[in-house]
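Asks: Submitted below is the structure of interest, expressed as structure tokens.
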Amino acid sequence: KSLLNLKDSEVKPVSIARLVGSTATSTRRHAYLSAGAINGVTPGMPVISERGVIGRVLETGRNSARVLLLTDSESVLPVRRAKDDVIAFAEGRGDGMLRVRLVNLGINPLKVGDLMVTSGAGGYYRPGVAVAVISKITEDGGIARLVAEPAATNFVAVEPIHQAAAVAVLRGENSLGTPEGDANAEQQPPSPTPTASAAADDR
């Protein structure tokens, strides 16, 4: 059933894979996929279960990939409250929970039980995918529990990156061990400027 739900998603997945394991070292939270570069998986691609967001691809090998989970201390995801446009950032705490930090400070409108979904801002994730439910209110937002718990997830969909703008950030993160935004990433040469003679040849 979960496989059918993933394949019937509104976005055609790049690959359907098993979430084959996870690690929890200090505040780092990673998982592994049974699909890699040979399946079209590339760094930055969102990893989605039938319930909601799991994380995004961090590194790829030929037949496997490492996923940065939402609860990792390095994970920051733009979100909004599902019922309106209250926007926030969902930050991994490294303990299995998320800190939801409001963008506009003032009176905190969040309430326990509020569903937070992806906003579509910042690249990577398409909007409207379930992320977390508020379980505790704080001064600047709240603490939230995941909707899609990696430990209880078997199959996931690897989706295309939502915004083309995010691709530029990923240059240099195309293989295992290459960090995001590497300053030594290979630069693409500029496109040649058309000349008058070339234009004449085209005619």
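Counting from 9, one number per residue, gives the positions in the sequence shown under the working numbering.
For glycine and all other residues, C-beta sits at the position ideal for the given N, C-alpha and C.
All values reported here derive from a predicted model rather than from experimental measurement.
Tell me the DSSP secondary structure of residue 169 in three-state form.
Replies: Taking the sequence shown and counting its residues from 1, the one referred to as residue 169 is at position 161. Note: residue 169 maps to coil in three-state DSSP.
Asks: Please report the residue range of the beta strand (DSSP E) in which residue 52 lies.
Replies: Position 44 of the sequence shown, counted from the first residue, corresponds to residue 52. Where residue 52 is concerned, there is no enclosing beta strand (DSSP E), given that its DSSP letter is neither H nor E.
Asks: For residue 118 and residue 132, I'd like the C-alpha separation in whole angstroms.
Replies: Along the sequence shown, one-based indexing puts residue 118 at 110. Along the sequence shown, one-based indexing puts residue 132 at 124. Distance between the alpha carbons of residue 118 and residue 132 is about 25 Å.
Asks: Using CA atoms only, rank isn't needed, just tell me which of 121, 31 and 63 is closest to residue 53.
Replies: The sequence position of residue 53 within the sequence shown is 45, counting from 1. For residue 53, the nearest C-alpha among the options comes from 63.
Asks: Apart from the five residues on each side of it in sequence, which residues of its chain come closer than 6 Å, Cβ to Cβ, to residue 45?
Replies: Here residue 45 refers to the residue found at position 37 when the sequence shown is read from its first residue. So the qualifying residues of the chain are 68 and 70.
Asks: One question on the structure: do residue 106 and residue 99 come within less than 8 Å of each other, judged by their Cβ atoms?
Replies: In the sequence shown, the residue the question calls residue 106 occupies position 98. In the sequence shown, the residue the question calls residue 99 occupies position 91. Cβ atoms of residue 106 and residue 99: closer than 8 Å.
Asks: Which residues in the same chain as residue 104 place their Cβ atom closer than 6 Å to its Cβ, once the five residues preceding and following it in sequence are excluded?
Replies: Walking along the sequence shown from the start, residue 104 turns up at place 96. Cβ neighbours of residue 104 beyond the five flanking positions: 79.
Asks: When you compare only the Cα positions, how much space is there between residue 88 and residue 81?
Replies: Taking the first residue of the sequence shown as position 1, residue 88 is located at position 80. Taking the first residue of the sequence shown as position 1, residue 81 is located at position 73. Answer to the nearest angstrom: the Cα atoms are 20 Å apart.
Asks: Buried or exposed: which applies to residue 47, given that a residue is buried once 16 or more other Cβ atoms fall within 10 Å of its Cβ?
Replies: Here the question's residue 47 lines up with position 39 in the sequence shown. Flag for residue 47 reads buried.
Asks: Output the distance between the C-alpha atoms of residue 74 and residue 30, rounded to the nearest integer angstrom.
Replies: The sequence position of residue 74 within the sequence shown is 66, counting from 1. The sequence position of residue 30 within the sequence shown is 22, counting from 1. Rounded to the nearest angstrom, the two C-alpha atoms are 9 Å apart.
Asks: Could you tell me the alpha carbon to alpha carbon distance between residue 94 and residue 143, rounded to whole angstroms?
Replies: Indexing the sequence shown from 1 puts residue 94 at position 86. Indexing the sequence shown from 1 puts residue 143 at position 135. For residue 94 and residue 143, the distance between alpha carbons rounds to 17 Å.
Asks: Rounding to the nearest angstrom, what Cα-Cα distance links residue 58 and residue 112 in this structure?
Replies: Within the sequence shown, residue 58 is the residue found at index 50, counting from 1. Within the sequence shown, residue 112 is the residue found at index 104, counting from 1. Residue 58 and residue 112: Cα-Cα distance of roughly 31 Å.
Asks: Could you check what DSSP says for residue 115 in three-state terms: helix, strand or coil?
Replies: The residue you call residue 115 lines up with position 107 of the sequence shown. In this structure, residue 115 counts as coil in the three-state DSSP scheme.
Asks: Buried or exposed, going by whether 16 or more other CB atoms sit within 10 Å of the CB of residue 125?
Replies: Locating residue 125 in the sequence shown gives position 117, where the first residue counts as 1. Buried: at least 16 other Cβ atoms inside 10 Å.
Asks: By DSSP, does residue 45 sit in helix, in strand, or in coil?
Replies: Taking the first residue of the sequence shown as position 1, residue 45 is located at position 37. In this structure, residue 45 counts as helix in the three-state DSSP scheme.
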